[in-house]
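Worksheet: one structure, shown below.
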Amino acid sequence: MNKGQYKQYRKELIDAVYKRDNYTCVYCLAPASTVDHVVPLSRGGKWRLNNLVACCIWCNNEKSDNSLKGFINDKLPYFRARNSTSDITAVELIDRVTFRLELIKDHENITF
Ligand SMILES: [Zn+2]
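Following the working numbering, the numbering of the sequence shown begins with 5 at its first residue and continues without gaps.
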């Protein structure tokens, strides 16, 4: 794949993530303007549908290179406020992320 083709694939991948996630940040439910690598690139994560979620810029900056569990545990009070529920748990939030990724597990063979 040449550079132009790779750029086009990444663009199509990002569009697919936004559509799957209804343009909504998986973490805080704000409108999404970025995509987040659930497993960060620095930790071996890939540009793949099953490693990307729609994300707002705040959550993406805050998550940075953190693991999913570390990030959610760390920001739980913020997510409770943003999700308008005081009792959402870290496990439920992690399940929500996992559910979105599971939706496309049949396409796991698509690599980018
Ligand atoms: Zn967010």
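Beta carbons are placed, not taken as given, at the ideal position from N, Cα and C, and that holds for glycine.
I'd like to know whether the C-beta atoms of residue i and residue j end up nearer to each other than 8 angstroms.
i       : j       : result
Gly-48  : Val-42  : no
Pro-44  : Asp-69  : yes
Leu-56  : Ile-98  : no
Val-30  : Arg-100 : yes
Phe-103 : Ile-92  : no
Trp-51  : Leu-17  : yes
Grab the span of the beta strand (DSSP E) containing residue i for me, first residue to last.
i      : result
Asp-40 : 38-41
Cys-59 : 56-59
So the candidates are the options; which of them puts its Cα closest to the Cα of residue i?
i      : options                            : result
Pro-81 : Phe-103, Asp-40, Cys-32 and Arg-52 : Cys-32
Asp-64 : Lys-79, Ser-88 and Asn-54          : One point to set straight first is that residue 64 is Asn, not Asp, in the sequence displayed. The candidate whose alpha carbon is nearest that of Asn-64 is Lys-79.
Asp-40 : Cys-59, Tyr-22, Gln-9 and Arg-86   : Cys-59
Ala-2  : Met-5, Ala-85, Glu-106 and Ile-92  : This structure gives no information on residue 2, because the portion of the chain shown stretches from 5 to 116.
Ser-37 : Asp-19, Ser-46, Leu-53 and Asn-54  : Asp-19
Say the cut is 7 angstroms; is the CB of residue i nearer than that to a heavy atom of ligand 1?
i      : result
Ala-58 : no
Ala-94 : no
Tyr-31 : yes
Trp-62 : yes
Ala-34 : yes
May I ask which residues mark the beginning and end of the alpha helix (DSSP H) holding residue i?
i      : result
Ala-85 : 72-86
Gly-8  : 7-24
Asp-99 : 94-106
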